[in-house]
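Here is the structure we will look at.
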Amino acid sequence: MNKQPGQYFGQPLQRLEDQPLVRGQGCFAADISFPYQLHMRVVRSDHAHGRILSIDTSAAAALPGVVAIWTADDVADIPPIDFREGSVEKLAPFRQHILAQGKVRYVGDPVAVVFATDAYLAEDAADLVRVDIEELVPLLSADDAPQEFSPGLLTEATICSQGYGDVEAAFKQAHAIVELDLSIGRHTGVPLETRGAIGRYDAARDVLELHGAAKVPHRNRESLAKMLSRSTTSLHLYEGHVGGGFGVRGEIYPEDVLVLVAALRFNRPVKWIEDRREHLMATNHSRQQHHRIRAAVDANGLLLGIENEVWHDQGAYIRTHGTRIADMTCGILPYPYKVPAYQADLHFRLTNKTPAATYRAPGRYEANFVRERLLDAIAIRLGLSRIEVRRRNLIRQEEMPYEAPLMALGEHIVLDSGDYEGLLDKSLASIKCVELEAEVAARKANGELVGLGLAMFVEKSGLGPTDGARINVDSSGTVEVVTGGASVGQGFETVMAQVCAETLGVAYTKIRVVHGRTDRIEYGIGAHASRATVMTANATREAALLVRKKALTVAAELLQTPEDQLDIANGIVFRPSQPQGPSISLGEIAQRLRPLSPNRGDHIPGLCAEGWFNTDHQVYPYGVFIALARIDPGTGAVIVERIQIAYEIGRAINPMLVKGQIMGGFAQGLGGALLEEFRYDDRGQPLCLTFADYLMPTLLDVPPVEILLCEDAPSPCNPLGIKGAGESGIAAAGAVIASAVEDALGLPGVIRSLPITPHMIKDILRKSSGTPVEMCP
Amino acid sequence: MKAASFQYYAPTSIADVVALMAEHSDAGIRILAGGQSLVPTMAYRLARPAHLIDINRIAGLDQITDHGEFLEIGALVRHEGFAANRLPARLGAILAHIANHIAHRPIRARGTFCGSLAHADPASEWCLVAATLEAELIAESARGVRTISSADYFRGIMSTALEDDEFLTSVRIRRPADDTLFGFFEYSRRHGDFALAASLVSFQLTAGLMQNVRLGLGGVEDYPRRLAEVESLLEGQSPSAAVFTRAGDLAAQHVNPSAADVDYRIELVKTVVERALQHANETT
Ligand SMILES: Cc1cc2nc3c(=O)[nH]c(=O)nc-3n(C[C@H](O)[C@H](O)[C@H](O)COP(=O)(O)OP(=O)(O)OC[C@H]3O[C@@H](n4cnc5c(N)ncnc54)[C@H](O)[C@@H]3O)c2cc1C
């Protein structure tokens, strides 16, 4: 595989999608309106847990402009929202109905919807809906004993287990056993644009449309068609501009279904735009998990076995992902280390809080925190350096591809390629670790609470098995790439254009990329799980190769030159050995390939092709985070002074965009490590329903991210060698900050949970005053 | 998050404002200044005023006037109006420094000094300034004009001596002696957030000893106030790290945090008091 950067490959090219965005010409969900539309407002439960006694809509219905108010009975024919990967009988009873039936299970649970001619009016009316609820005791922690969910069912929906090897024997022969109790707080992706859904029924064509779609339009079309008993061809999803997704946006929620049902029933467009308060209580939460983890190690610090028991706080219902995060947490936890025996058991438990699902690096942010805390603890226990204990346990380059007896996203983990130790060394050298350690030691000696953190991780990306793309060149020479991908702001269009430009031989600015539209292409994987560049870019390349072949064939006939002596650059087919000689543009070729063109010959009409890319396995990028953090003993504040992220990407199509992904991801990871947390009071009332209470880092709170982007281990799983990048910057952010903070405190084992708040730091300092403990570097 | 309906007025004189307030004070009336606190609470429907008086079209209220003995801050002076001010050197410098701790730039471009005092958030920097320095609030209503001393003004969390029909037209700050030193320190979890604790201190140095010490604390109790015990501890002392630490310790003993995280806030009090004193000392 060619590793050299091309004209477009590997270049930090400007984003094609920015022009409308920086000119205020973007079209986000709230920008979409249709004539005669109604506005929907959701009436949500004020109680965390309770029985609905009655709902009085009379005062609301009396307001002029209110068209209808629905409660559960009005939508009793609509089944609950199913799991994307298909029904799972055991989990089915825990799915969410689009309006609560009989019981409310979290503050924010939709109990009624108001449809009115104006958004303000809809909100006025919603205020007048009287919901009488008999309050029940809420279950607020996955650590507490399971309760009854419904007759005969407990809130422990299932236990997810994975493992291999003789764990018991490993612990028996252990030189030391290190055990930790760790937890990750409840936080989530909070995109700048809240959710929005506009349903529209076109009776003339019998097509139902959902606008404001994101992330997985094609997969959602299938699920929605099933729920509404429609053919998929009569249901279309349209993605406009998306102001951030991060996993939470673009899943099917009750509101998406409600606007569609209403559009059908009223034969009027129905618009719903989520407000921020709703967003913080209704959109998926994530991450909350408690781990009890034990490692058996030998005298050299080599891992013999790991036991990982987990309590996963799923919130009120099981949403579209089923137990995927739980499975991921269990499956990915050991890597990049070799663990001879392993057992994970995860209690998948429902609570009376907002339902949880995927958020950027789901399962990994959690698992990386837990595993890396464990490695730090082993280092301390055995008096090894934190670097050395990792080095000894890493899976070696010679062992690649490394078949792991565990599963992630429904497939066996096969670590495709990598030199983990190589990246560790590179990243230590790049940050000048020896000098840095000396500097930190000197500052410590001077009384400063400053410390270094280290965390390693393996990412996963590019879940297969298949994706396709279609490319058409029109007679002006403009190239259209039609994909079933989606753009949540990550630069999807630019990357697809770069791949097409390089493969086909056209300027990347001549390429228009279509995504997020079910009416333009039958299938698509959307944008999630860092898949788009691996899967859709490779599919784009396949299609571009076919178009290129066709263009060369036709040009060879016209220019009377053997095909293998022709090349394409800037949209012109020419003869490199005779650059001034005859040539023909792709536009002209397209013109000749029109169905009615007299010069078409026997060719199938159109300079176009469809390409498919297939892969057996996901790819596994990996990285090393190093952080320098300081603690202000007076306030308990943690200041991350430096952060370096080394990341093996296989091959970066656009390094600028990769770095952007890493920086943005880190900012979010820092939020989860230090600031962001959905807190509840003891009645299950959410305490973080504004941005004054749910604290996200701003530009002023995030240090510059030093990025070491490596292309040393291209993936053998795809011809471009790509490994994904979308979730890399966040993956080990919690892990590395915890490690640095603990080092700064000089108190081994004190950082056991995220987020690390100033309050917590002050408590630790107060309790420990006078007993600082030395930690090995 | 769409406000409930209200009647909107945009008068151009103080007289019109007070007339409207007299007319509608029973029905729920609010003044709209910078809107940076009021508009979000209306969007959350926590505030549902039936009448809203936008004062932004009244001329002449956007000035900070130096009357020599005191500074007068009009009802439309924005936070950013303190950023590049022509006020007496040290006082001007500390007010500009404090203004930069309020929220973020766009909010500072709209939010007003007087609006902050009317709103009376326990962590408001301007409330701390008013409580610590000698300030008088000028309240006007159809019933007349009255002057409220800052010592009598704050009543509780977001609760003040201002009546429903009163318009706070300006705030006067007595001009401290020119050799007065100021120090300020606050801690918030993110840049621009309301402080979890803040302290403002002023004193003069006479023969190396602190005189006329004023020390205020905000963000911790229901409203900002001066800490008399700490002021007397400091009065007549020569400034030193040890004295500042003692002042911090003493402050911590005399506060009653209203927030839930009492222990933490008490520790913060110690830190902010000590650091505000250090800050003042560094400006000598
Ligand atoms: C994200 C964010 C962060 C913030 N951070 C801080 C911070 O760190 N520190 C801080 O101090 N503030 C902060 N604020 C609040 C901001 O400073 C407000 O501007 C200020 O509290 C109120 O001033 P205003 O002019 O915007 O008043 P408005 O919002 O217009 O009014 C507030 C209240 O005061 C009343 N009112 C206003 N003016 C008068 C008057 N002249 N007479 C009588 N009543 C009046 C109104 O009726 C209303 O009840 C923040 C705000 C936001 C949105």
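Sequences listed follow chains L and D, in order.
Just so you know, we're using this note's numbering here: the first sequence kicks off at 1 and counts up by one.
Just so you know, we're using this note's numbering here: the second sequence kicks off at 1 and counts up by one.
Cβ atoms here follow ideal geometry from the backbone N, Cα and C, with glycine treated the same way.
Between residue i and residue j, how many whole angstroms is the CB-CB distance? I'm expecting something under 8 Å.
| i | j | result |
| --- | --- | --- |
| Pro789 (chain L) | Gly165 (chain L) | What is shown of chain L runs 1 to 777, which leaves residue 789 (chain L) out entirely. |
| Ala48 (chain L) | Asn352 (chain L) | 4 Å |
| Ile252 (chain L) | Leu280 (chain L) | 19 Å between Cβ atoms; not a contact. |
| Gly247 (chain L) | His528 (chain L) | 7 Å |
| Arg44 (chain L) | Val111 (chain L) | 7 Å |
| Ala131 (chain D) | Gly216 (chain D) | 5 Å |
| Met1 (chain D) | Asp275 (chain L) | 4 Å |
Residues of chain L with a CB under 9 Å from the CB of residue i: which are they?
| i | result |
| --- | --- |
| Thr132 (chain D) | Ordered by position in chain L, no residue passes the 9 Å Cβ test against Thr132 (chain D), which lies about 21 Å from the chain. |
| Tyr44 (chain D) | Arg277, Leu689 and Thr690 |
Where does the unbroken alpha helix (DSSP H) through residue i begin, and where does it stop?
| i | result |
| --- | --- |
| Lys762 (chain L) | Pro758 to Ser768 |
| His279 (chain D) | Val262 to Glu282 |
| Tyr365 (chain L) | Arg364 to Leu382 |
| His119 (chain D) | Phe113 to His119 |
| Gly730 (chain L) | As written in the sequence, residue 730 (chain L) is Ile, which differs from the Gly given in the question. Where Ile730 (chain L) is concerned, the enclosing alpha helix (DSSP H) stretches over Ser728 to Ala731. |
| Ala4 (chain D) | Note, Ala4 (chain D): premise wrong, no alpha helix (DSSP H); not H, not E. |
| Asp18 (chain L) | Asp18 to Val22 |
| Glu123 (chain L) | Ala119 to Leu128 |
| Gln661 (chain L) | Pro655 to Leu670 |
| His279 (chain L) | Arg276 to Ala282 |
| Ser258 (chain D) | Counting along the chain, Ser258 (chain D) falls outside any alpha helix (DSSP H), and DSSP gives it neither H nor E. |
| Tyr153 (chain D) | Ser150 to Tyr153 |
Quick one: give me the first and last residue of the beta strand (DSSP E) that residue i is part of.
| i | result |
| --- | --- |
| Pro405 (chain L) | Tyr402 to Ala408 |
| Thr206 (chain D) | Ala197 to Thr206 |
| Gln63 (chain D) | No beta strand (DSSP E) contains Gln63 (chain D), which DSSP labels as neither H nor E. |
| Val248 (chain L) | Neither: Val248 (chain L) is in no beta strand (DSSP E) and is coded neither H nor E. |
| Lys271 (chain L) | Val270 to Ile273 |
| Gly216 (chain D) | Leu209 to Gly218 |
| Gly526 (chain L) | Counting along the chain, Gly526 (chain L) falls outside any beta strand (DSSP E), and DSSP gives it neither H nor E. |
| Cys688 (chain L) | It is not in any beta strand (DSSP E) - Cys688 (chain L) carries neither H nor E in the DSSP assignment. |
| Met456 (chain L) | Leu449 to Val458 |
I want to verify the contact list: residues of chain D whose CB lies under 7 Å from the CB of residue i, in sequence order.
| i | result |
| --- | --- |
| Arg276 (chain L) | Met1 |
| Ala119 (chain L) | Lys2 |
| His759 (chain L) | Asp261 and Tyr264 |
| Leu695 (chain L) | Arg189 and Arg190 |
Buried or exposed, going by whether 16 or more other CB atoms sit within 10 Å of the CB of residue i?
| i | result |
| --- | --- |
| Pro755 (chain L) | buried |
| Val773 (chain L) | Annotation note: pLDDT 46 at Val773 (chain L) (below 50); position unreliable, no value reported. |
| Pro12 (chain L) | exposed |
| Cys27 (chain L) | exposed |
| Met775 (chain L) | Model confidence at Met775 (chain L) stands at a pLDDT of 46, short of 50, so the residue's coordinates are unreliable and nothing is read from them. |
| Pro334 (chain L) | buried |
| Asn256 (chain D) | exposed |
| Pro562 (chain L) | exposed |
| Asn2 (chain L) | Residue confidence is low: Asn2 (chain L) scores 49 on pLDDT, short of 50, so the model does not pin down where it sits. No coordinate-derived value is stated. |
| Phe149 (chain L) | buried |
| Arg143 (chain D) | exposed |
| Arg265 (chain D) | buried |
| Val434 (chain L) | exposed |
At 7 Å on the CB atoms, spell out the chain L contacts of residue i, in chain order.
| i | result |
| --- | --- |
| Glu267 (chain D) | Lys762 |
| His191 (chain D) | Thr698, Leu700 and Asp701 |
| Thr245 (chain D) | Going along chain L, no residue has its Cβ under 7 Å from Thr245 (chain D), so there is no contact; the nearest lies around 11 Å. |
Which chain D residues sit within Cβ distance under 9 Å of residue i?
| i | result |
| --- | --- |
| Gly244 (chain L) | Near Gly244 (chain L) there are no residues of chain D at all, since even the closest Cβ is about 19 Å away, more than 9 Å. |
| Leu675 (chain L) | Arg189 and Arg190 |
With a threshold of 7 Å, establish whether the CB of residue i neighbours any heavy atom of ligand 3.
| i | result |
| --- | --- |
| His51 (chain D) | Ligands displayed in this structure: ligand 1; ligand 3 is not among them. |
Whose Cβ in chain D lies nearer than 8 Å to the Cβ of residue i?
| i | result |
| --- | --- |
| Asp124 (chain L) | Ala4 and Ser5 |
Quick one: which chain L residues come within Cβ less than 8 Å of residue i?
| i | result |
| --- | --- |
| Arg275 (chain D) | Gly634 |
| Thr271 (chain D) | Gly634 and Thr635 |
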